[in-house]
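Report on one structure; see the data block that follows.
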Amino acid sequence: MGGFTLVATRKGLFDVGFDGDPQPRCIGFLGDPVSSVLQNEHDGAIYAALNLGHFGAKLHRSDDFGATWQELPVPAYPPAEGEDAPSLKFIWTLARGGPEQPKRLWAGTLPGGLFRSDDRGESWALVESLWNQPSRSEWFGGGYDEPGIHSIIVDDRDRILVGISCGGVWISEDDGANWVLGGKGLAADYMPPDRKDDPRIQDPHCLAVCRDAPDVVWCQHHCGIFRSEDGGRSFVQIKDVAPSAFGFAVAAHPSDPKTAWFVPAVKDECRVPVDGRFVVTRTGDGGASFESFSRGLPQERAYDLVYRHALAVGGDGRSLVMGSTTGALWFSGDAGESWSLLSAHLPPIAQVCFADRP
Amino acid sequence: MPRVTFTANLQRHLDCPSLEVGPGNVDQVLAAVFAQRPVLRSYIVDDQGRLRRHVNVFINSTMIADRNGLSDAVGESDEVFVFQALSGG
């Protein structure tokens with residue numbers, strides 16, 4: 002297998018390292034916003050979701066690692082009455098199915114619908130069991146005008162974990178037929194005091210699961226960092242995180258349930274690195290303590306922010322890749338302790354992910 | 003027959019030469035277009051069949067009035083233009 006990295010940006014999809022060249026190379030959609038990218042490890046196919054603005058959300062698949070692309074249908078909301086009848090705004094995240102579902106894809110969208118495909122994206126169906134939850138009326142937008150699903154994690158037991166901004170953490174143990182609202186213990190400081198602990202309106206910026214211990218779920222929440230040991234049903238807040246517990250991205254170590262990485266910013270109202278020093282933090286003890294790493298990262302007058310999907314860890318637990326809103330892309334081969342700049346001139350980066358080719 | 007022409011900015015994403023279809027209202031004209039080119043549909047209208055917010059449709063030199071119901075009449079000799087609003091950076 003040959004590893005490479007996919008980089009979804011505001012103005013195209015790039016790969017790095019496909020041909021041994023460390024410079025990012027545009028492999029499609031130059032000039033167009035790529036909102037999500039996925040390589041399905043079952044068959045190697047790459048999916049790219051676009052947000053064309055004028056012309057709506059689009060979806061493409063490549064079966065030859067980006068050499069050619071085929072446009073696919075996009076998930077569509079069923080007909081409804083009224084001016085507020087829902088329509089797809091964009092695809093925020095894509096996820097593969099479980100081990101026995103090689104053609105299965107999940108799509109998390111704005112305005113809050115989860116969609117499923119069982120034919121490699123050739124057709125889509127709204128997951129009505131989640132869409133019709135009575136508490137959906139309580140959901141609201143976080144960062145966008147409407148609520149959206151940004152985290153979909155399917156573990157090897159086919160359990161599905163979904164994160165919604167702002168609609169909390171949802172869990173299905175039966176392939177999406179039924180859903181349980183998790184997220185007990187999450188705390189929303191942006192709400193009135195008696196709604197602060199309401200799991201229906203939480204803003205989990207990003208969820209990440211330890212591959213080999215999937216009951217351990219990390220949550221970079223709007224109001225701090227949380228960790229679950231029961232598959233997302235309940236969380237404990239991790240406090241006293243320096244330099245800040247605010248951020249968007251989290252990456253979970255694939256085999257060590259006590260290790261995770263974060264990229265802090267000052268706070269909600271000031272989304273830049275603390276004191277202009279861009280760092281990555283890592284805990285190796287379940288959140289009891291954090292280390293802050295700066296080697297290779299800008300340490301003065303830095304304004305980089307890392308979006309929720311723009312930090313990824315490889316299967317070895319030591320390789321990380323990270324991209325920022327100011328178009329910088331870094332790689333670490335030592336578990337985040339030092340970083341190499343791959344490019345400082347990419348468009349704003351929405352997502353990075355590791356990929357392989359046979 | 004009415005002729006439907008698409009902005010060059012749309013042609014950047016997919017091949018969509020001008021088409022001639024039967025008269026009716028804008029909804030019927032676009033339905034005839036989508037019957038010939040199904041992939042065009044999601045570029046022009048949203049999931050509920052409403053004109054996308056940043057897409058404009060003109061009948062000759064007049065912008066249509068009914069963006070949701072697409073009920074504006076299209077005559078036998080009319081020309082329909084599908085444009086995009088200009089924005090972004």
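These protein sequences, in sequence, are chains A and B.
According to this note's numbering, the stretch in the first sequence is residues 2 to 359, in order.
According to this note's numbering, the stretch in the second sequence is residues 3 to 91, in order.
All C-beta atoms, glycine included, are put in the ideal place defined by N, C-alpha and C.
The three-state secondary structure of Glu81/B, taken from DSSP, is strand. At a beta-carbon threshold of 8 Å, the residues of chain B lying near Gly57/A are Ser44, Tyr45, Asp48, Arg54, ordered along the chain.
When the alpha-carbon of Val353/A is set against those of Lys259/A, Ile161/A, Val35/A, Phe30/A, the nearest one is in Val35/A.
The stretch 117-130 of chain A and the stretch 190-206 of chain A do not touch, with fewer than three beta-carbon pairs separated by less than 8 Å. Excluding sequence positions up to five before and after Met3/B, its CB lies within less than 6 Å of the CB of Glu22, all in the same chain and listed in chain order. Residue contact check for Gln13/B against chain A: no CB pair falls below 7 Å. Not a single C-beta of chain A is nearer than 7 Å to the C-beta of Gln38/B. Along the length of the stretch 258-287 of chain A, whole beta strand (DSSP E) runs at least 3 residues long occupy 261-266, 281-284, reported in chain order. DSSP places Ile66/B in no beta strand (DSSP E); its state is neither H nor E. For Glu72/A, the residues of chain B that pass the 8 Å Cβ criterion are Leu16, Val41, in the order they occur in the chain. Here the alpha carbons of Ala37/B and Val28/B stand approximately 14 Å from one another.
Comparing alpha-carbon positions, the option among Arg278/A, Ala266/A, Leu60/A, Ser118/A lying closest to Trp93/A turns out to be Leu60/A.
For Arg319/A, the CB contacts under 7 Å within the same chain, skipping 5 residues up- and downstream, are Gly334, Asp335, Ala336 in chain order.
With 16 or more other Cβ atoms from the protein chains shown falling within 10 Å of its own Cβ, Ser88/A counts as buried. With the rule of 3 Cβ pairs closer than 8 Å, the stretch 7-17 of chain B does not count as touching the stretch 338-347 of chain A. Of all alpha-carbon atoms in Val322/A, Asp64/A, Glu84/A, Ile150/A, the one lying nearest the alpha-carbon of Gly297/A is that of Val322/A.
With respect to chain A, the C-beta atom of Gln30/B has no partner C-beta closer than 7 Å. Secondary structure of Pro194/A (DSSP, three-state): helix. Within chain A, His55 have C-beta atoms less than 7 Å from the C-beta of Ala87/B, given in sequence order. At a cut-off of 7 Å between C-beta atoms, Ser88/A counts as an interface residue with respect to chain B. Residue range 350-358 is occupied by the beta strand (DSSP E) that includes Asp357/A.
In this structure, Ala356/A lies away from Ala311/A, with their beta-carbon atoms at least 7 Å apart.
With at least 16 other beta carbons inside 10 angstroms of its own, Gln40/A counts as buried. For the stretch 205-235 of chain A, the full-length beta strand (DSSP E) segments reaching 3 residues or more read 205-210, 218-222, 225-229 along the chain. Asp44/A is not a Cβ neighbour of Gly99/A, given a cutoff of 7 Å. Residue-level contact check: Val322/A does not touch chain B, since none of the beta carbons of chain B fall below 7 Å from its beta carbon. Distance from the CA atom of Arg137/A to the CA atom of Gly149/A, rounded to whole angstroms, is 11 Å. For the 7 Å CB-CB criterion, Ala49/A and Leu14/A form a contact.
Here the alpha carbon of Pro23/A sits roughly 6 Å from the alpha carbon of Val17/A. Ala303/A is the residue among Arg234/A, Ala303/A, Phe332/A whose C-alpha sits nearest the C-alpha of Pro265/A. Looking from the CA of Glu147/A, the closest CA among Asp120/A, Asp156/A, Thr110/A, Ser295/A belongs to Thr110/A. Put simply, the backbone Cα of Gly83/A is about 31 Å away from that of Ala189/A.
Cα atoms of Ala313/A and Arg69/B: separation of roughly 42 Å, rounded to the nearest angstrom.
Using a 10 angstroms sphere on the CB of Asn52/A, the tally of other CB atoms reaches 16 or more, which defines it as buried. Interface criterion not met: the Cβ of Ala336/A is under 7 Å from no Cβ in chain B. Each residue's CA atom was taken as its position, placing Gly177/A and Gly164/A some 14 Å apart.
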